[in-house]
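Colleague: This is the structure I have questions about; it appears just below.
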Amino acid sequence: MLGFDKKKVIVIQGGMGAGVSGAHLAGAVARCGGVGVVSSVGLDRIIGHRIGHEINQFEAVKMEVIEAIRLSEGSGAIGINFMAKLKNSYEPSIRGAIAAGEETGTTVILFVGAGLPLDLPKIVEDAPVKLVPIVSSARALDIICRQWQKIERYGRMPDGVVLEGPLAGGHLGFKPEEVINPEFQLEKLFGPTKEFAQKHENFPVFVAGGIFTNEDILQWKKIGADGVQLGTRFAATHESGASKEFKDAIIAAHPNDIVIAQPGSPTGFTFRVLSPSPGYQYAQNQDRPLPEKCKGYILSAEGCLAMKSRNYFCICKALLKAIDCNDDPSDLAIYTVGTNAWRINKILSAKDLMDELITGKVH
Numbered sequence: 142m143l144g145f146d147k148k149k150v151i152v153i154q155g156g157m158g159a160g161v162s163g164a165h166l167a168g169a170v171a172r173c174g175g176v177g178v179v180s181s182v183g184l185d186r187i188i189g190h191r192i193g194h195e196i197n198q199f200e201a202v203k204m205e206v207i208e209a210i211r212l213s214e215g216s217g218a219i220g221i222n223f224m225a226k227l228k229n230s231y232e233p234s235i236r237g238a239i240a241a242g243e244e245t246g247t248t249v250i251l252f253v254g255a256g257l258p259l260d261l262p263k264i265v266e267d268a269p270v271k272l273v274p275i276v277s278s279a280r281a282l283d284i285i286c287r288q289w290q291k292i293e294r295y296g297r298m299p300d301g302v303v304l305e306g307p308l309a310g311g312h313l314g315f316k317p318e319e320v321i322n323p324e325f326q327l328e329k330l331f332g333p334t335k336e337f338a339q340k341h342e343n344f345p346v347f348v349a350g351g352i353f354t355n356e357d358i359l360q361w362k363k364i365g366a367d368g369v370q371l372g373t374r375f376a377a378t379h380e381s382g383a384s385k386e387f388k389d390a391i392i393a394a395h396p397n398d399i400v401i402a403q404p405g406s407p408t409g410f411t412f413r414v415l416s417p418s419p420g421y422q423y424a425q426n427q428d429r430p431l432p433e434k435c436k437g438y439i440l441s442a443e444g445c446l447a448m449k450s451r452n453y454f455c456i457c458k459a460l461l462k463a464i465d466c467n468d469d470p471s472d473l474a475i476y477t478v479g480t481n482a483w484r485i486n487k488i489l490s491a492k493d494l495m496d497e498l499i500t501g502k503v504h
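The sequence shown begins at 142 in this note's numbering and counts up by one.
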């Protein structure tokens, strides 16, 4: 798996933050031969809430990745997802993942999206990790690779790339108008990205966004993808960290409930959510008071757009509430999902979902 064997159906469980994809889910996916991915978003807060005292991001990431590795029982692979946009936690998270891999003798896969990770090889240096950027175009991949090659001593190419299309959930690498433009659909983006990879050490290309069934996976394998990444289907598993209310909302979703958020995420990225989410419904009120104080759990409190304008909502409290990790009962959750969330009609175990995705057997 760590060599990304192209003869196998490689299924990557997407990194869903905050806390939806933790060690419990990642370990379960890896035990089934997949790539289980922990989200690094807000882990200091999440682990601190769990153990009852404060912990820094480095230690929180190290602890969660080690637990995911333990739960994997030596099968599949374990990765961790980072958002390059989150500057305060980005480097400590990477170093925590490296430390976890070194302590357990495991090669951890670093998936990095939500921004261009231009300095990643310099941060990891000679650490035995695999680097997999998440991009939305061949152009973005080209920029990353050119910069990585320039880094003295540590210059390298990616070990793989996730090409994420506009049907994915959460934060997207597309403008709102591009999401519905046929020229930006995953099928259009794949060819140039695959061609680029083939010309540069032929590293594997994994596709994400809108993949739902075994049939979808086989079709993408036929087109030339080396594997797939799915998020929302894994959010609707018993092992995911999503709250009962979050999972119930996925089951109850209709196609028209899945929207591009307006007001939007204070990250500035396009954001796909379930519109019935309590926090999103509240965000529609343009007379709502602006937050008096930012808790800074996820984004930096300094300059947070939600503090300045009602065109954005507070994402820290909303995402933590969606995993029942908040001490303030007045906070309201926002649920992030992919376009096909409405097709989910029951909660599965990670094992049953993996079996369905790999064999086509529906449980």
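Virtual Cβ for every residue (Gly too), placed ideally from N, Cα, C.
Thinking C-beta only, is S234 closer than 8 angstroms to V276?
Modeller: Cβ distance not < 8 angstroms, so V276 and S234 don't count as in contact.
Colleague: If you count every other CB in all the chains shown that lies within 10 Å of the CB of K458, and 16 or more means buried, which is it?
Modeller: So K458 ends up on the buried side.
Colleague: May I have the straight-line CA-CA distance separating E91 from T334, to the nearest angstrom?
Modeller: Since the displayed the chain opens at 142 and closes at 504, residue 91 lies outside it and no answer follows.
Colleague: For a test of the three-state rule: what should DSSP assign to Q360, helix, strand or coil?
Modeller: Note: Q360 maps to helix in three-state DSSP.
Colleague: Please say whether M157 and G351 have beta carbons closer to each other than 8 angstroms?
Modeller: No, they are not a contact pair.
Colleague: By DSSP, does F199 sit in helix, in strand, or in coil?
Modeller: It is helical.
Colleague: Could you tell me if H504 is buried or exposed, where buried requires 16 or more neighbouring beta carbons within 10 angstroms of its beta carbon?
Modeller: By the 10 Å Cβ count, H504 comes out exposed.
Colleague: Beta carbon of G160, beta carbon of I391: below 8 angstroms?
Modeller: No, Cβ-Cβ distance for G160 and I391 is not below 8 angstroms.
Colleague: Quick one: which unbroken beta strand (DSSP E) runs of 3-plus residues sit fully inside the stretch 334-400? Chain order, please.
Modeller: Complete beta strand (DSSP E) runs here, min 3: 346-349, 368-371.
Colleague: By how many angstroms is the C-alpha of P258 removed from the C-alpha of L282?
Modeller: Spanning the two alpha carbons is a distance of roughly 10 angstroms.
Colleague: Would you call the CB atoms of V348 and L304 closer than 8 angstroms?
Modeller: Yes, they are a contact pair.
Colleague: Within its chain, find whatever has a CB closer than 7 angstroms to the CB of G242; leave out the 5 residues flanking it on each side and keep chain order.
Modeller: Only T248, V249, P269, V270 meet the Cβ criterion.
Colleague: Name, in chain order, the residues that DSSP records as bridge partners for K316.
Modeller: In DSSP, K316 forms no bridge with anything.
Colleague: Have a look at F353, I358, P419, L227 and flag the residue whose alpha-carbon is nearest the alpha-carbon of P470.
Modeller: Nearest C-alpha to P470: P419.
Colleague: Which same chain residues, not among the five before or five after D185, have their C-beta less than 7 angstroms away from its C-beta?
Modeller: Correct list, in chain order: I196, N197, Q198, A201.
Colleague: Enumerate, from N- to C-terminal direction, the unbroken alpha helix (DSSP H) stretches of 4 or more residues contained entirely within the stretch 263-292.
Modeller: Runs found: 279-291.
Colleague: S230: which of N486, R172, G183 sits nearest, CA to CA?
Modeller: Residue G183 is the option with its Cα nearest to S230.
Colleague: Taking the alpha carbon of G365 as the reference point, which residue from F353, E356, A218, E336 has its own alpha carbon closest?
Modeller: The residue with the shortest Cα to Cα distance from G365 is E336.
Colleague: Since L446 is in the alpha helix (DSSP H), which residue starts that stretch and which ends it?
Modeller: No alpha helix (DSSP H) contains L446, which DSSP labels as neither H nor E.
Colleague: Where do the ends of the beta strand (DSSP E) carrying E305 lie?
Modeller: Taken as a continuous stretch (DSSP letters only), the beta strand (DSSP E) holding E305 covers 302-305.
Colleague: With a cut-off of 8 angstroms on the beta carbons, I'd call P407 and I456 a contact; round off their distance for me.
Modeller: Going by Cβ atoms, the distance from P407 to I456 rounds to 6 angstroms, so yes, they are a contact pair.
Colleague: Considering only DSSP beta bridges, list what N222 is partnered with.
Modeller: S180, F252.
Colleague: Tell me which residue opens and which closes the alpha helix (DSSP H) that V170 is part of.
Modeller: Start and end: 164-172.
Colleague: What are the partner residues of Q507, as DSSP defines its beta bridges?
Modeller: Because residue 507 is not part of the residues shown, which for the chain are 142 to 504, the question remains open.
Colleague: My guess is that C173 and A377 are in contact by the Cβ rule of under 8 angstroms, so how many angstroms apart are they, rounded?
Modeller: Not quite, the Cβ-Cβ distance comes to about 16 angstroms (not below 8 angstroms), so this is no contact.
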